[in-house]
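Have a look at the structure below before the remarks.
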Amino acid sequence: MGYENWTQAIQGWISEKQDYFYDYPSSGIVSHYTQIIWHSTALV
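Number 12 in full-length UniProt numbering belongs to position 12 of the sequence shown; there are no gaps in the numbering.
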């Protein structure tokens with residue numbers, strides 16, 4: 001899955017939110033979203 005620019009990439013990552021379950025955050029489907037919301041993330 002490639003994106004043409006950073007805006008599209010970030011929007012794609014944020015769109016994973018609908019599949020994110022806060023009680024079970026380890027699903028691979030939402031790995032990009034997980035990285036942008038985790039407090040300890042220092043690099044994406």
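Built from N, CA and C at the ideal position, the CB exists for glycine as well. Just so it is clear, the structure is predicted and the values come from calculations on it, not from any experiment.
- What is the residue span of the alpha helix (DSSP H) that His-32 lies within? Here residue 32 is taken as the residue at index 32 of the sequence shown, counted from 1. Its alpha helix (DSSP H) spans residues 31-37.
- Between the C-alpha atoms of Gln-35 and Thr-7, what's the straight-line distance to the nearest angstrom? The residue you call residue 35 lines up with position 35 of the sequence shown. The residue you call residue 7 lines up with position 7 of the sequence shown. Pairing Gln-35 with Thr-7, the inter-Cα distance amounts to about 16 Å.
- Query: Between Tyr-3 and Ala-9, what straight-line distance do the alpha-carbon atoms span, to the nearest angstrom?
  - Reply: As a working note, residue 3 is residue 3 in the sequence shown. As a working note, residue 9 is residue 9 in the sequence shown. Going by C-alpha positions, Tyr-3 is about 5 Å away from Ala-9.
- Item | Nearest-angstrom Cβ-Cβ length linking Asp-19 and Val-30, presumed shorter than 8 Å | Position 19 of the sequence shown holds residue 19. Position 30 of the sequence shown holds residue 30. With 8 Å as the limit, Asp-19 and Val-30 qualify as a contact, their Cβ atoms being about 5 Å apart.
- Task: Kindly indicate which three-state DSSP category Thr-41 falls into: helix, strand or coil?
- Result: Looking up residue 41 in the sequence shown gives position 41. The answer is coil: DSSP assigns Thr-41 none of H, G, I, E or B.
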